[in-house]
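Protein chains: 2
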Amino acid sequence: MKREEVYNFSAGPSVLPEPVLEKAASELLNYRGTGMSVMEMSHRSSAFMDIFAETKAKMKAALKVPDTHEILFLQGGASLQFSMVPLNLCAEGDTADYAVTGNFANIAAKEAGKYCTVHVMASSEDTKFDRIPAQEELRLSAEAKYFYYCANNTIFGTAWNYVPETAAPLVCDMSSEILSHPVDVSRYGLIFAGAQKNMAPAGLTVVIIDRALAGHERAVTPLMMSYQRMIDKDSMYNTPPCYNIYMLGLVLDWLETQGGPEGMERIKHEKAKLVYDYLDESRLFRGCAWPDSRSDMNITFRTGDEALDAEFVKFSLANGLQNLKGHRVAGGMRASVYNAMPMAGVEKLVAIMKEFEVTHRV
Amino acid sequence: MKREEVYNFSAGPSVLPEPVLEKAASELLNYRGTGMSVMEMSHRSSAFMDIFAETKAKMKAALKVPDTHEILFLQGGASLQFSMVPLNLCAEGDTADYAVTGNFANIAAKEAGKYCTVHVMASSEDTKFDRIPAQEELRLSAEAKYFYYCANNTIFGTAWNYVPETAAPLVCDMSSEILSHPVDVSRYGLIFAGAQKNMAPAGLTVVIIDRALAGHERAVTPLMMSYQRMIDKDSMYNTPPCYNIYMLGLVLDWLETQGGPEGMERIKHEKAKLVYDYLDESRLFRGCAWPDSRSDMNITFRTGDEALDAEFVKFSLANGLQNLKGHRVAGGMRASVYNAMPMAGVEKLVAIMKEFEVTHRV
Chain A
1 MKREEVYNFS AGPSVLPEPV LEKAASELLN YRGTGMSVME MSHRSSAFMD IFAETKAKMK
61 AALKVPDTHE ILFLQGGASL QFSMVPLNLC AEGDTADYAV TGNFANIAAK EAGKYCTVHV
121 MASSEDTKFD RIPAQEELRL SAEAKYFYYC ANNTIFGTAW NYVPETAAPL VCDMSSEILS
181 HPVDVSRYGL IFAGAQKNMA PAGLTVVIID RALAGHERAV TPLMMSYQRM IDKDSMYNTP
241 PCYNIYMLGL VLDWLETQGG PEGMERIKHE KAKLVYDYLD ESRLFRGCAW PDSRSDMNIT
301 FRTGDEALDA EFVKFSLANG LQNLKGHRVA GGMRASVYNA MPMAGVEKLV AIMKEFEVTH
361 RV
Chain B
1001 MKREEVYNFS AGPSVLPEPV LEKAASELLN YRGTGMSVME MSHRSSAFMD IFAETKAKMK
1061 AALKVPDTHE ILFLQGGASL QFSMVPLNLC AEGDTADYAV TGNFANIAAK EAGKYCTVHV
1121 MASSEDTKFD RIPAQEELRL SAEAKYFYYC ANNTIFGTAW NYVPETAAPL VCDMSSEILS
1181 HPVDVSRYGL IFAGAQKNMA PAGLTVVIID RALAGHERAV TPLMMSYQRM IDKDSMYNTP
1241 PCYNIYMLGL VLDWLETQGG PEGMERIKHE KAKLVYDYLD ESRLFRGCAW PDSRSDMNIT
1301 FRTGDEALDA EFVKFSLANG LQNLKGHRVA GGMRASVYNA MPMAGVEKLV AIMKEFEVTH
1361 RV
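Heads up: the sequence lines are chains A and B, in that order.
Using the working numbering, read the first sequence as starting at 1 and increasing by one per residue.
Using the working numbering, read the second sequence as starting at 1001 and increasing by one per residue.
The following block contains the structure:
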């Protein structure tokens, strides 16, 4: 199939902007007259150091990261952060507050339990993670070293549509929503995000950390898992995932053409509204998340009939819509509508859903 | 500059085979009719699962990995392995033997000291890491849980030209020599290697582990650092560095055209011999490593005069030879002659050295 015949709704790794891929392909054998691919460059070479510094500067500009915070380019995915956060931010016996609103927040809380006392201060597990707690439902502990939450729950299609008010520093997993809207970084102690949804190919994790929180890792912290060491070495204690960083730079260039996170926020609302408006009027499909907890990035829906869900997934595939099958722990369907998904893809999704509904209305 | 005007002697990330880069560029926007880039594929998609399985099978075939051993594709670089090895292979209070023959073995030994009793059973630090100890010099401890060594010391240009005989399982950092010669994997408990020298772009770490050694990690081991979990999940506990794995597959295809590790062993000897033979006859340059400890992958040399070294580096750069400056802790020059460095690059290096010697002989 040709690229224009396919819309890829994968939850991650996921679609990248076509101009970014075109630029990458054109530079792949020879980056700007260096005679080398970025993949072949020493991470200490001036050509790569420039790419690194420019990408970091673009990230800083896109999210208006204040000078109090450091941007790190790490490896290991968000899952390594699940351990790195408590190892660096808690001493043994300390307490941390965790909001368990989905699969990954749940894993993060369990992992932190190995290193500190975890206080699960809100959970929507009893209703299959279909909603985000309101501020007044958060049972915050006075002694918490930090408050942890996952801003967007990829599997269940919910998002925190507000920033929690807490005394403890906010630690936030923004993997599936980073760069899709402006963020007041000064309100956060630590933000982390796997790159493979809105930023770059899998293999890069971006961390934005208030420098005041670093430097307190406990003695058993592995060499590569000290935020302070990574700050001191500007993410180059060892060889960073260079090509992913280069790709992030290209994605940030493209993001700027879309108006940055501010422009993207408007576009993502438009794209998501198209699908949610249809879901609200459909007599076949319905959305899984509570309306006030809906994610613009991951739209979960179902017919209520597993066989019919499977038939729709098959029908969508035949029409070039890839990866609409929901995650195995959630079932149903999921359309991941990340930054790089064009409006045309969302329009086609709704058209296909309507076509399916006409022939399958019960 | 054009690619053909440049030879890149970087110690890592380093040169990749041109046919591999050409293939990658040609498939970058649309992988074999899927309408997607490999960078955009869900790691659970059938297209990517095929790439993953094929790459693993090619790796198994190239190194004749026995069925007792598992191949893992991880993140974090060799430096994460420095912690992962002791966390998984030692209980508190256990002893491990470390041969400290260079910078990275030194860091690995220090890191292991956080988790177990490290017995440095051989070191060449007093002579600036210019040689590898012989078997009879290894002061092995009877109770060691494993014997750790770094097969090729990138910075100092030395290599273990034999496989140590030990009672404890061998753990080996093969980052800068993997796939450059055949290895009897059955003699090793664990082999690991960062990809960015002989395998793929930076961001992938290949681990080959005897399954019998896994499953004993201590309780504080971070989620992502359990070998057993990674074996159980076939390296997909979380999203792996998909594109790097794809690139490794392409490199393994190319390696086969060169006769695999067997063919590469012959080629690497030929390439290295060209430089070492000249070093042995030169009246200006001399090799840094003891002859019986010389590495075929990283050839270190100097004139004995720092100003002259710097002048040679400048002269080589003007002639399209990149990254010949030695590592800052070693000084002098270093030519990294990994698998993808063509013979023509080595011939040009020797020609340029000769030209420089004629005009600068003291």
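The beta-carbon is built from N, C-alpha and C at its ideal position, and this holds for glycine as well.
For the set A/Ser46, A/Leu170, A/Phe192 and A/Gly102, the Cα lying nearest the Cα of A/Leu72 is the one of A/Phe192. Rounded to the nearest angstrom, the gap between the Cα atoms of A/Val346 and B/Val1313 is 55 Å.
With three or more CB-CB distances shorter than 8 Å, the stretch 1218-1229 of chain B counts as touching the stretch 76-84 of chain A. Between B/Leu1140 and B/Glu1111, the alpha-carbon positions lie close to 20 Å from each other. Beta-bridge pairing by DSSP links B/Asn1298 to B/Ser1336.
Considering only beta carbons, no part of the stretch 261-276 of chain A lies closer than 9 Å to chain B.
In this structure, the alpha-carbon of A/Asp309 lies about 51 Å from that of B/Pro1182. Boundaries around B/His1269 are those of the alpha helix (DSSP H), Gly1260 to Glu1281, since no beta strand (DSSP E) includes it.
Cβ atoms of B/Ala1011 and B/Thr1154 come within 8 Å of each other, at about 5 Å. Nearest CB-CB separation between B/Lys1348 and chain A: not below the 9 Å threshold. The beta carbon of A/Ser316 lies closer than 6 Å to those of Leu324 and Ile352 in the same chain, with the five residues before and after it left out. One finds Pro1013 and Ala1202 in chain B with Cβ atoms closer than 8 Å to the Cβ of A/His43, taken in chain order.
Boundaries of the alpha helix (DSSP H) harbouring B/Tyr1246: Cys1242 to Thr1257, taken from the DSSP string. As a beta-bridge residue in DSSP terms, A/Glu70 pairs with A/Ile209. B/Thr1303 is classed as buried because its beta carbon has at least 16 other beta carbons within 10 Å across all chains shown.
In this chain, A/Leu140 is not harboured by any alpha helix (DSSP H), its DSSP state being neither H nor E. Using a CB distance cut-off of 9 Å, A/Tyr98 does not count as an interface residue toward chain B. Only residues of its own chain outside the window of five on either side were considered, and among them Thr205 have a CB closer than 7 Å to the CB of A/Gly76, listed in chain order. The beta carbons of B/Phe1301 and B/Gly1332 sit about 6 Å from each other, so the pair counts as a contact at 8 Å. Contact of A/Cys242 with chain B by beta-carbon distance below 9 Å involves Pro1013, Gln1196, Pro1201, Ala1202 and Gly1203. With a threshold of 9 Å between beta carbons, B/Ala1351 makes no contact with chain A.
In this chain, the alpha helix (DSSP H) harbouring A/Tyr227 covers Tyr227 to Asp232. In the same chain as A/His119, and ignoring 5 residues on each side of it, the C-beta atoms closer than 6 Å to its own belong to Thr95, Asp97 and Ser141, in chain order. Taking a C-beta distance under 9 Å as the contact criterion, B/Leu1074 and B/Leu1179 do not qualify as a contact pair. For B/Asp1050, the enclosing alpha helix (DSSP H) has its first and last residue at Ser1046 to Ala1062.
In the three-state reduction of the DSSP assignment, A/Lys325 falls in the strand class, which pools E and B. Rounded to the nearest whole angstrom, the C-alpha separation of A/Ala195 and A/Gly203 is 7 Å. The Cβ of A/Lys114 sits closer than 9 Å to at least one Cβ of chain B. Residues of the stretch 1221-1240 of chain B with a C-beta atom less than 9 Å from some C-beta of chain A are Thr1221, Pro1222, Leu1223, Met1224, Met1225, Tyr1237, Asn1238, Thr1239 and Pro1240, listed in chain order. Within the same chain, and ignoring the five residues on either side of B/Pro1019 in sequence, the residues whose Cβ sits closer than 7 Å to its Cβ are Trp1254. One finds nothing in chain B with a Cβ atom closer than 8 Å to the Cβ of A/Lys314; even the nearest lies about 14 Å away. Measuring C-alpha to C-alpha distances from B/Phe1147 to each of B/Thr1166, B/Pro1133 and B/Ile1132 identifies B/Thr1166 as the nearest.
The continuous beta strand (DSSP E) containing B/Asp1097 extends over residues Thr1095 to Val1100. With contacts defined by Cβ atoms closer than 9 Å, A/Leu213 and A/Leu89 form a contacting pair. Secondary structure at B/Gly1345: helix, using DSSP grouped into helix, strand and coil.
Shown here, B/Leu1029 sits in coil according to DSSP, grouped into three states, outside any helix or strand.
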